[in-house]
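**Student:** I have a structure here, written as structure tokens, and I will follow up with some questions on it.
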Amino acid sequence: MQDDRALWQRMLAGDDQALAALFRLHYPRLYDYGLKLTQQAELVKDGMQEVFAYLWEKRATLAAVDSVRAYLLVALRRHLLKSLAQQQRRQESDQQHLLEEMAESFSPEEFLIMQEKEEAEKQALNQALQTIPPRLREALYLKTNAGLAYREIAGIMNISPQVARNYVSEAFHRLRALLLPRP
């Protein structure tokens, strides 16, 4: 859009009104796209604010872009995926804290055995994950770690929701075959 690029150039030149106009112009599309990536509306709103704050802060080093809309969508996607990964790490840290509290109720030997078993299971899972194709691994990550719906996974990976469902199912099938003992 020609108006986009003119606003972008004005924003790069330091016009805060142009930044505000870009925000108002792209807010509905960015918000809808963000909700496709995560159902957390507050995370999407915060992400949009942070993307535009970043643009303003880095305007001196930013270049002209062919499509402002595409640039903003990609920036929001990257920011949200990074935020979701940080959330996941915080949850894992909370789980670790809970495990440490539980450890106090076990004898040191019991806790050590439990920890070693958990570590061995994690290593086996990571090794198994490395054997499945990257696209299956990505779909599985988006489903299990990011908690996205198949429709959202499809949007991110540029595939249909049915293919996303098939990828996740195939990934689970392959992991089961690798990790579960055969009778």
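Going by the numbering used here, the first residue of the sequence shown is number 3, and it counts up by one from there.
Every residue, glycine too, gets a C-beta built ideally from N, C-alpha and C.
Identify, in the order they occur along the chain, each residue of the same chain with its Cβ nearer than 6 Å to the Cβ of residue 70, setting aside the five sequence neighbours on each side.
**Tutor:** Taking the sequence shown and counting its residues from 1, the one referred to as residue 70 is at position 68. If we look at residue 70 and ignore the five residues flanking it on each side, its Cβ neighbours are 6, 10.
**Student:** Let's see if you can read the secondary structure: which residues bound the alpha helix (DSSP H) around residue 55?
**Tutor:** By 1-based counting over the sequence shown, the position of residue 55 is 53. Where residue 55 is concerned, the enclosing alpha helix (DSSP H) stretches over 43-59.
**Student:** Looking at residue 73 and residue 50, is the spacing between their C-beta atoms short of 8 Å?
**Tutor:** The residue you call residue 50 lines up with position 48 of the sequence shown. The residue you call residue 73 lines up with position 71 of the sequence shown. It is not a contact, given that the beta carbons lie outside the stated cut-off.
**Student:** Hey, residue 148 and residue 156 are a contact pair by Cβ (cut 8 Å); roughly how many whole angstroms apart?
**Tutor:** Here residue 148 refers to the residue found at position 146 when the sequence shown is read from its first residue. Here residue 156 refers to the residue found at position 154 when the sequence shown is read from its first residue. Between residue 156 and residue 148 the Cβ distance is about 13 Å, and since that is not below 8 Å, they are no contact.
**Student:** Since I believe residue 126 is in contact with residue 181 (beta carbons under 8 Å), could you give me their beta-carbon distance rounded to a whole number of angstroms?
**Tutor:** By one-based count along the sequence shown, residue 181 stands at place 179. By one-based count along the sequence shown, residue 126 stands at place 124. At roughly 6 Å, the Cβ-Cβ gap stays under 8 Å, so residue 181 and residue 126 are in contact.
**Student:** Closer than 6 Å by C-beta to residue 142: which residues in its own chain qualify, once you throw out the five before and the five after it? Chain order, please.
**Tutor:** Residue mapping note: residue 142 aligns to position 140 of the sequence shown, counting from 1. Once the five neighbours on either side are set aside, the close Cβ partners of residue 142 are 170, 173.
**Student:** Under the rule that 16 or more other beta-carbon atoms within 10 Å means buried, what is residue 119, buried or exposed?
**Tutor:** To locate residue 119, count along the sequence shown from 1; it is residue 117. That one is exposed.
**Student:** According to DSSP, simplified to helix, strand and coil, what is residue 183?
**Tutor:** In the sequence shown, residue 183 corresponds to position 181, counting from 1. Three-state DSSP puts residue 183 in coil, outside helix and strand.
**Student:** Within the chosen definition, does the segment 34-46 reach the segment 72-92 through at least 3 CB pairs nearer than 8 Å?
**Tutor:** Touching, yes, given that three or more Cβ pairs across the two stretches are closer than 8 Å.
**Student:** At a cut-off of 7 Å, would you count residue 176 as near the ligand GTP, judging by its Cβ distance to the nearest heavy atom?
**Tutor:** The ligand content of the structure shown is nil, which means the ligand GTP is not present either.
**Student:** Between 178, 140, 175, which lies nearest to residue 83 when the distance is taken from Cα to Cα?
**Tutor:** As a position in the sequence shown, residue 83 is number 81, starting the count at 1. Comparing Cα positions, the closest option is 140.
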